[in-house]
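In full-length UniProt numbering, the protein residues as written are 1 to 362.
Positions of the beta carbon are idealized from the N, C-alpha and C atoms, including for glycine.
Model, not experiment: these values are computed from the prediction.
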DNA sequence: AACTCGTGGAT
DNA sequence: TATCCAAGAGT
């Protein structure tokens, strides 16, 4: 339960000033903190949903370079947006961001709503994201509660995270929020959770608000679903066209697939009957609660008939075009390891299958 | 309310 | 190596 001392306003005031001073000193220099553009902040918040800063950094500048404005994004075909998003995961986020951008341009004159309540009406913007954008971009005193904030607050208050009621947590978050700098305060809470108040081994000695904390690290979390393991296999076929242009065979996932609908990947094959002598590489790839142990096998052009595609027909895609279509993250990773993606020299691209060294799993 | 969606670095 | 887990949202 709440400790009376911890909920007193003077204590919260001390907490705010200490946290903000720490943030002023230690805030990471991130691209979306160098802008006041609400659109740029919106994009960052969507990318950051359930995604680590490091992963977002690898995509954010490329996305903003391609779609520097809300109108540029709204004008793009969805497949192009998905291609840029490829590798980031949770592809529905990209679809909803794109859909929302089109709605803002078509129905709202291209002006992003400024209040948390209005923002929340847009697809992909929920309780957390609406408060984050409203506070960071527009200075609204809305408390943004993500996993970090939830952990920091329950620790500070001495609550059991498993039994903390969402309503009570929202109340408490609103009390803590620094009205003078709501955007910085929200970011500071998340920054503290991400870099100091860590889930497993919190760095309490480095914590600026340790004196205001009821638990100083003790923290019980709920049960997690057990990881499952599964084998998977894919075929890699490359050919060189009459114009000496390298091409790779890809198949499109069904439009109604639950997982990554409409995106492109290498042809899946039966891992049981795959020919061991053709093994090119092994990769581990985890999707939600399943660890996939993936083996990629090399085939020669003309052998397509031995493959049984579960989905539609295959398509030969020019290597130079691979980054222009929506690839699944796994496919992108495999093609990168096989040096089949653009960005390599022509000579490297023409590496023969037998020269690709199998990467042995350890 | 419980599930589901991706990915890769950390532990 | 297996598991954890991250600036959630939609259904």
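- For residue 106, the closest alpha carbon among the candidates 266, 117 and 122 is that of 122.
- The closest CA to that of residue 91, considering only 302, 287, 291 and 339, is found on 287.
- In this chain, the beta strand (DSSP E) harbouring residue 284 covers 279-287.
- Scanning its chain for C-beta atoms nearer than 8 Å, with the 5 sequence neighbours on each side dropped, one finds around residue 230 the residues 290, 291, 292 and 293, in chain order.
- Boundaries of the beta strand (DSSP E) harbouring residue 229: 228-240, taken from the DSSP string.
- With a minimum length of 4 residues, the unbroken runs of alpha helix (DSSP H) contained wholly in the region 121-157 fall at 127-138 and 147-157.
- The DSSP-derived three-state label of residue 46 is helix.
- CA-to-CA, the gap between residue 175 and residue 321 works out to about 52 Å.
- Under the DSSP assignment, residue 95 falls outside any beta strand (DSSP E), being part of the alpha helix (DSSP H) whose first and last residues are 92-107.
- Burial state of residue 155 is buried, judged by a 10 Å Cβ sphere holding 16 or more other Cβ atoms.
- Counting along the chain, residue 81 sits inside the alpha helix (DSSP H) bounded by residues 78-85.
- By the neighbour-count definition (other C-beta atoms within 10 Å, threshold 16), residue 35 is an exposed residue.
- Per DSSP, reduced to three states, the secondary structure at residue 252 is strand.
- Listed in chain order, the non-local C-beta contacts of residue 102 below 8 Å within the same chain comprise 74, local neighbours out to five positions each way being set aside.
- In this structure, the alpha-carbon of residue 270 lies about 7 Å from that of residue 232.
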